[in-house]
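Residue numbers (this note's numbering), protein chains in the order written: chain A, 1 to 431; chain W, 1001 to 1153.
For each residue, glycine too, the CB sits at the ideal point set by N, CA and C.
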């Protein structure tokens, strides 16, 4: 090695070592997380796990539970949805093509995405699995809908099945028991997508009375580095009139909202949100929150209420003044993508009425965080305790067998977990 | 004086490689400063992106120019006796190091990728380049480094 190259390597190592050490994530759970000072890096830590197949292993579960693969050998399964007759839909999206690099850093980011996400080329289909006797072994499966465009969210209202592609909400006619839909979807409304489409997963749910749909539209950047004009209509939850397709922003400032779902007792909309990167290993905490109509949750101008982010220009003190803090921190960079309230009866009684959150896991933190499914107890429609680990073992040292994404509760009360790196859907039931 | 000018070792058919390469990083780093100033004025990300590209190109061509330059520097003892040559070499090593830092600063997201650290580093880089460029040119027009002997009729 030439001395100059050696010098460069030492230089890089020294810079990479600069920066605060991660704190215990437990300090950032619940309504009042500890927020350390910001740290802007020269070289942000990237700690990427190596993809390693599950083999005969499975994730680990908390006491009193058991887990087995409900479906395996899938292609990038990212969300699961249970139809009223018990059929399970599994969405296999292929993320949109990344845009051409805007600057040299994008080459590094695209390599990182490739390293940490499912390498399986997905067909952009939705699969259907039928497990009539509830033993966790589907007797039947089929391709339910083909050739979608990076689909993620699914919701059924009456006989209308809605799929959130990355660029539009489509409506398909559905009859109970149907195992495939061949007619093309009808577009209810367009969603912000190309050409950049940074956060492309569009989460979807319907109001309890079925008149409105809610779609999560993630930001088009980490923190406006693609320009403010790329963020129009993004980092928000859209409310869409089901009859007309008319839409408006129901709540804003939510960097990447996913897992949209109504709390069953109070009928309030909740979501999990991925917060911004590159302010340190412990900023900004990702969160679980009820979503208030018309509220502004800070992104991009501020985080956790009114902590101003200096990276955004021009600043908007007027908007910062109106920003509200979310309800419940999940700690930093856990990347929550799935949320479901437990309405079944199979799992132990302690899980009833609470929320499960699927944490896809960190990539920009020297000590991994997330890579598990946690449970948050609820009482009277509000979180009532600390998160508990329910499903772990996705990581094994520096090896990553899987990453949890979307969650659902099946008609027999099992908890379903889409695992987009392990290419499986896991099912958790009482032991 | 004939055939007695300090010679360029890294040359193609008598044409020194170093002087063919140096305009590129100079233009890139000067362009990066202009892009940074424009970004600081407008907060339009295209200027910050342009600066990041100019910096990476400047770094790559600085390394290439430095390889050719150092071959000349170590290949000809008479070059190493010139004070201007030492200022040129040391100054441009500083330029390279600062620009690597600057590229890292520019890899941050949005405003703080430029303001204030990136902009300051770009300005310091250009200021040093004025000194090293001046001394580099002195080596040629004053000390006749790599200038061919007159071969008139």
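**Chain-ordered neighbours of residue 1049/W on chain A, where CB pairs are closer than 8 angstroms** = Against the second chain, residue 1049/W aligns to sequence position 49. The contacting residues are 102, 103.
**Prompt:** Are three or more beta carbon pairs between the segment 412-426 of chain A and the segment 70-83 of chain A nearer than 8 angstroms?
**Reply:** yes
**Assumed close pair residue 346/A, residue 397/A - CB separation to whole angstroms, cut-off 8 angstroms** = Working through the first chain from its first residue, we reach residue 346/A at position 346. Working through the first chain from its first residue, we reach residue 397/A at position 397. Not confirmed; about 32 angstroms, so no contact.
**Item:** Beta-carbon neighbours of residue 1122/W, restricted to chain A and to distances below 9 angstroms
**Value:** Start at 1 with the first residue of the second chain, and residue 1122/W comes out as number 122. Per Cβ cutoff of 9 angstroms: no residues; residue 1122/W is ~15 angstroms from chain A at best.
**Residues that residue 1056/W contacts on chain A, provided the C-beta gap is smaller than 7 angstroms** = Sequence index remark: in the second chain, residue 1056/W carries index 56 (1-based). Neighbours of residue 1056/W on chain A, chain order: 104.
**Per-residue DSSP class, three states only, for residue 1103/W** = Position 103 of the second chain, counted from the first residue, corresponds to residue 1103/W. Helix at residue 1103/W.
**Request:** Taking residue 1025/W as part of the alpha helix (DSSP H), name the residues at either end of that continuous run.
**Result:** Walking along the second chain from the start, residue 1025/W turns up at place 25. Where residue 1025/W is concerned, the enclosing alpha helix (DSSP H) stretches over 1023-1042.
**Request:** Determine which residues share a DSSP beta bridge with residue 1016/W and list them.
**Result:** Reading the second chain from its first residue, position 16 is the one you call residue 1016/W. 1011/W.
**Request:** Please name the residue or residues paired with residue 258/A in a DSSP beta bridge.
**Result:** In the first chain, counting from the first residue as 1, residue 258/A sits at position 258. DSSP, once it has assigned bridges, lists 272/A as partnering residue 258/A.
**Chain-ordered neighbours of residue 312/A on chain W, where CB pairs are closer than 7 angstroms** = Locating residue 312/A in the first chain gives position 312, where the first residue counts as 1. By Cβ distance, chain W contributes 1110, 1111.
**Asked** What residues from the segment 29-51 of chain A come within 9 angstroms of chain W, judged by C-beta to C-beta, listed N to C?
**Response** 40, 41, 42, 43, 44
**Message:** Whole angstroms are fine: how far does the CA of residue 269/A sit from the CA of residue 292/A?
**Reply:** Against the first chain, residue 292/A aligns to sequence position 292. Against the first chain, residue 269/A aligns to sequence position 269. In a straight line, the C-alpha of residue 292/A is about 8 angstroms away from that of residue 269/A.
**Prompt:** Would you call the CB atoms of residue 203/A and residue 153/A closer than 7 angstroms?
**Reply:** Taking the first residue of the first chain as 1, we reach residue 203/A at position 203. Taking the first residue of the first chain as 1, we reach residue 153/A at position 153. In this structure, residue 153/A lies closer than 7 angstroms to residue 203/A by Cβ.
**Secondary structure of residue 411/A, DSSP reduced to three states** = Translated into positions along the first chain, residue 411/A becomes position 411. Looking at residue 411/A - three-state DSSP - the assignment turns out to be coil, as it is neither helix nor strand.
**Message:** Does chain A have any CB closer than 7 angstroms to the CB of residue 1107/W?
**Reply:** Here residue 1107/W refers to the residue found at position 107 when the second chain is read from its first residue. Output row for residue 1107/W: interface = yes.
**Request:** Could you name the residues of the same chain whose beta carbon sits closer than 6 angstroms to that of residue 221/A, not counting the 5 residues immediately before and after it, in chain order?
**Result:** As a working note, residue 221/A is residue 221 in the first chain. 198, listed in sequence order.
**Prompt:** Between the segment 25-45 of chain A and the segment 325-332 of chain A, are three or more C-beta pairs nearer than 8 angstroms?
**Reply:** yes
**Prompt:** Going by alpha carbons, who is nearest to residue 121/A out of 371/A, 146/A, 95/A, 20/A?
**Reply:** On the first chain, position 121 is the one that residue 121/A refers to. The candidate whose alpha carbon is nearest that of residue 121/A is 95/A.
**Prompt:** For residue 984/W, which three-state DSSP category applies?
**Reply:** Since the first and last residues shown for chain W are 1001 and 1153, residue 984/W lies out of range.
**Prompt:** residue 40/A: which of 1067/W, 1114/W, 1034/W, 1150/W sits nearest, CA to CA?
**Reply:** The residue labelled residue 40/A in the question sits at position 40 within the first chain. Considering only alpha carbons, the answer is 1114/W.
**Item:** Own chain residues within Cβ distance below 6 angstroms of residue 468/A, not counting five before or after
**Value:** In the structure displayed, chain A extends from 1 to 431; residue 468/A sits before or after that span and is not available.
**Message:** Excluding the 5 residues flanking residue 1/A on each side, which residues of the same chain have their C-beta closer than 6 angstroms to its C-beta?
**Reply:** Counting from 1 along the first chain, the entry for residue 1/A is found at position 1. Unreliable positioning characterises residue 1/A in this predicted model, as indicated by a pLDDT of 49, which lies under 50. A coordinate reading is not provided.
**Message:** Strictly by DSSP, which residues pair up with residue 181/A?
**Reply:** As a first step, residue 181/A is located in the first chain; it is residue number 181 there, counting from the start. Paired residue(s): none; residue 181/A is not in a bridge.
**Message:** At the level of alpha carbons, what is the spacing between residue 1049/W and residue 1120/W?
**Reply:** Mapped onto the second chain, residue 1049/W falls at position 49. Mapped onto the second chain, residue 1120/W falls at position 120. C-alpha separation (whole angstroms): 17 angstroms.
**Prompt:** Any idea what DSSP makes of residue 233/A, helix, strand or coil?
**Reply:** Within the first chain, residue 233/A is the residue found at index 233, counting from 1. In this structure, residue 233/A counts as coil in the three-state DSSP scheme.
**Message:** Among 240/A, 431/A, 298/A, 406/A, whose alpha-carbon lies nearest the alpha-carbon of residue 90/A?
**Reply:** Taking the first chain and counting its residues from 1, one reaches residue 90/A at position 90. For the residues 240/A, 431/A, 298/A, 406/A, the minimum Cα distance to residue 90/A belongs to 406/A.
**Request:** Spell out a yes or no on whether the segment 1011-1023 of chain W and the segment 1059-1075 of chain W are touching, meaning 3 or more CB-CB pairs, one atom from each, closer than 8 angstroms.
**Result:** yes
**Prompt:** With a cut-off of 7 angstroms, does the C-beta of residue 1068/W fall near any C-beta of chain A?
**Reply:** Residue numbering aside, residue 1068/W sits at position 68 when the second chain is read from its first letter. Output row for residue 1068/W: interface = no.
**Asked** For a contact meaning CB atoms closer than 7 angstroms, what does residue 1074/W contact in chain A?
**Response** The sequence position of residue 1074/W within the second chain is 74, counting from 1. Those within 7 angstroms of residue 1074/W in chain A number zero; the least Cβ separation is about 13 angstroms.
**Message:** Our contact map puts residue 250/A next to residue 237/A with C-beta atoms below 8 angstroms; I'd like the distance itself, whole angstroms only.
**Reply:** Translated into the one-based positions of the first chain, residue 250/A becomes position 250. Translated into the one-based positions of the first chain, residue 237/A becomes position 237. With 8 angstroms as the limit, residue 250/A and residue 237/A qualify as a contact, their Cβ atoms being about 5 angstroms apart.
**Request:** Pull up the DSSP beta-bridge partners for residue 81/A, would you.
**Result:** Here residue 81/A corresponds to residue number 81 of the first chain, with the count starting at 1. Beta-bridge pairing links residue 81/A to 89/A.
**Request:** Could you check if residue 82/A is buried or exposed, using at least 16 other CB atoms within 10 Å of its CB as the buried criterion?
**Result:** Taking the first chain and counting its residues from 1, the one referred to as residue 82/A is at position 82. Residue 82/A comes out buried.
**Request:** Taking 8 angstroms as the threshold, find out whether the segment 210-225 of chain A comes into contact with the segment 185-195 of chain A through three or more Cβ pairs.
**Result:** yes
**Item:** 8 angstroms contact criterion, which residue 149/A and residue 159/A should meet: CB distance rounded
**Value:** Position 149 of the first chain holds residue 149/A. Position 159 of the first chain holds residue 159/A. About 23 angstroms separates the two Cβ atoms, so there is no contact after all.
**Request:** Using only alpha-carbon positions, find the residue among 1054/W, 1095/W, 1036/W, 1072/W that is nearest to residue 1008/W.
**Result:** Locating residue 1008/W in the second chain gives position 8, counting from the first residue. Closest by alpha carbon: 1072/W.
**Message:** Below 8 angstroms on C-beta distance, what does residue 1010/W contact in chain A?
**Reply:** Taking the first residue of the second chain as position 1, residue 1010/W is located at position 10. Here the premise fails: no neighbours, minimum Cβ distance about 16 angstroms.
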